[in-house]
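In our numbering, the protein residues as written are 613 to 1014.
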């Protein structure tokens, strides 16, 4: 077979989604190194693609398609899998990864369980047995993408343990995961650790607004649901209280306000809960927002949500009402300041009017709860946001005043 650049060559199934892997090269497929349905460590060569001068195949690679399954291969000692479960992806490996040896590069320094790809900035190939002593005096070696990853997470590469002379992405990710699993010490300049404050509100959600929207020809090709109305109300309320559309920079000890709303929507699928987000939701019209919600839901249910779609969110909505739950206490998504929980919408007796006009009527009612990061948002701001959302659901015409 012949493949082109960016042609999808394999579907990689993770814990909660199926990710398409495109080919970074064009050429003839000369070997399939891993059987279909096999679980392999991140970085393992899975295919050999040849160019005009033939394929570049790792020295230790074999075409496994005609052999017994990989899990039966006992030539190498088994490495204990110490990966921890994560929200999305493969988990973090604590051991070094198998990578394809680049043509013309020197052998890696030091003995490791599996070969690690050296960078273009290689160390001398002499003195294999003294590698540990030499690494202390050497400058830390890492490729630019690895250095950027470390910088983005505030990691000092000199403190990252590695099995070879080159710090790999897997080493940095394992270090970050280990740091997250350690108990968090709150700096003296921040407030004492406390449970996320929650405020609840009840309001009359006038469901007929959905029927009026469905009757509009612009909404005939999209799904109009209570989640759509809540999403629009959240975007409008965040414009009045932008502190909830922010994040806390632990390293700089400062609040970072976001320029737009990347609205995350929790979606329950057969693979588990995923929280993809809609970038720039606050700049969308109601029709565009309905289309984006429909696409997001369809992709999540098909198990095709990409990891990139589940990162970069600034605020999240979770709807527990679909499970018949009246209310809930939502947990913040990492890196976000607020999350809104929407309970089920049902008919309840509601007191309306005042004085002689006071009476009890059946109204459509829902319960809202918001959790927020108290380092960024005060109780007054969180309560104001919740009151704004409830007011917009009670009377959508108030959107003209926002």
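Ideal placement from N, C-alpha and C gives every residue a C-beta, glycine not left out.
Between residue 952 and the set 758, 898, 941, 946, the nearest pair of CA atoms involves 941.
By the beta-carbon neighbour count (other beta carbons within 10 angstroms, threshold 16), residue 983 is buried. Positions of the beta strand (DSSP E) runs, each at least 3 residues long and wholly inside the stretch 890-955, are given as 927-931, 950-954 in order along the chain. Here DSSP, grouped into helix, strand and coil, assigns residue 644 to strand. For the pair of segments examined, the stretch 960-974 was found not to touch the stretch 872-891: the number of CB pairs separated by less than 8 angstroms stays below three. In the three-state DSSP reduction, residue 652 falls in the coil class, being neither helix nor strand. Collapsing the DSSP output to three states places residue 622 in a strand. For residue 1002, the three-state secondary structure derived from DSSP is helix. Burial state of residue 660 is buried, judged by a 10 Å Cβ sphere holding 16 or more other Cβ atoms. Contact annotation, residue 868 with residue 847: C-beta distance approximately 19 angstroms; criterion of less than 8 angstroms not satisfied. Around residue 906, the same chain offers 834, 835 as residues with beta carbons nearer than 7 angstroms, after the five sequence neighbours per side are excluded. Spatial neighbours of residue 854 in its own chain (CB-CB distance under 7 angstroms, excluding positions within 5 residues in sequence) are listed in chain order as 869. 8 angstroms or more divides the Cβ of residue 945 from the Cβ of residue 899. Three or more beta-carbon pairs drawn from the stretch 837-845 and the stretch 926-936 are found closer than 8 angstroms, and the two stretches are therefore classed as touching. In the structure shown, residue 834 adopts coil according to DSSP, grouped into three states. Between residue 766 and residue 863 a beta carbon distance of about 5 angstroms is seen, short of the 8 angstroms cut, so the two are scored as contacting. If you ignore the 5 residues before and after residue 769, its C-beta comes within less than 6 angstroms of the C-beta of 752, 754, 762, 779, all in its own chain and listed in chain order. Secondary structure of residue 994 (DSSP, three-state): helix. For residue 759, the enclosing alpha helix (DSSP H) starts and ends at 756-764. With a 10 Å radius around the Cβ and a threshold of 16 neighbouring Cβ atoms, residue 943 comes out exposed. By the Cβ neighbour-count rule, residue 618 is exposed, with fewer than 16 other Cβ atoms within 10 Å of its own. Boundaries of the beta strand (DSSP E) around residue 974: 971-984. A direct Cα-Cα distance of roughly 46 angstroms separates residue 658 from residue 850. Beta-bridge pairing by DSSP links residue 885 to 880. For residue 858, the enclosing beta strand (DSSP E) stretches over residues 858-861. DSSP places residue 957 outside both helix and strand once states are collapsed to three, so it counts as coil. Residue 638 carries a coil assignment under DSSP once its states are collapsed to helix, strand and coil. Taking a C-beta distance under 8 angstroms as the contact criterion, residue 1010 and residue 999 do not qualify as a contact pair.
Residue 660 is bridged by DSSP to 643. Here the alpha carbon of residue 917 sits roughly 6 angstroms from the alpha carbon of residue 911.
Shown here, residue 616 sits in coil according to DSSP, grouped into three states, outside any helix or strand. Of the other Cβ atoms in all chains shown, fewer than 16 fall within 10 Å of the Cβ of residue 648; this residue is therefore exposed. Nearest in C-alpha terms to residue 624, of all of 871, 974, 616, 655, is 655. A direct Cα-Cα distance of roughly 15 angstroms separates residue 825 from residue 843.
Put simply, the backbone Cα of residue 789 is about 55 angstroms away from that of residue 972.
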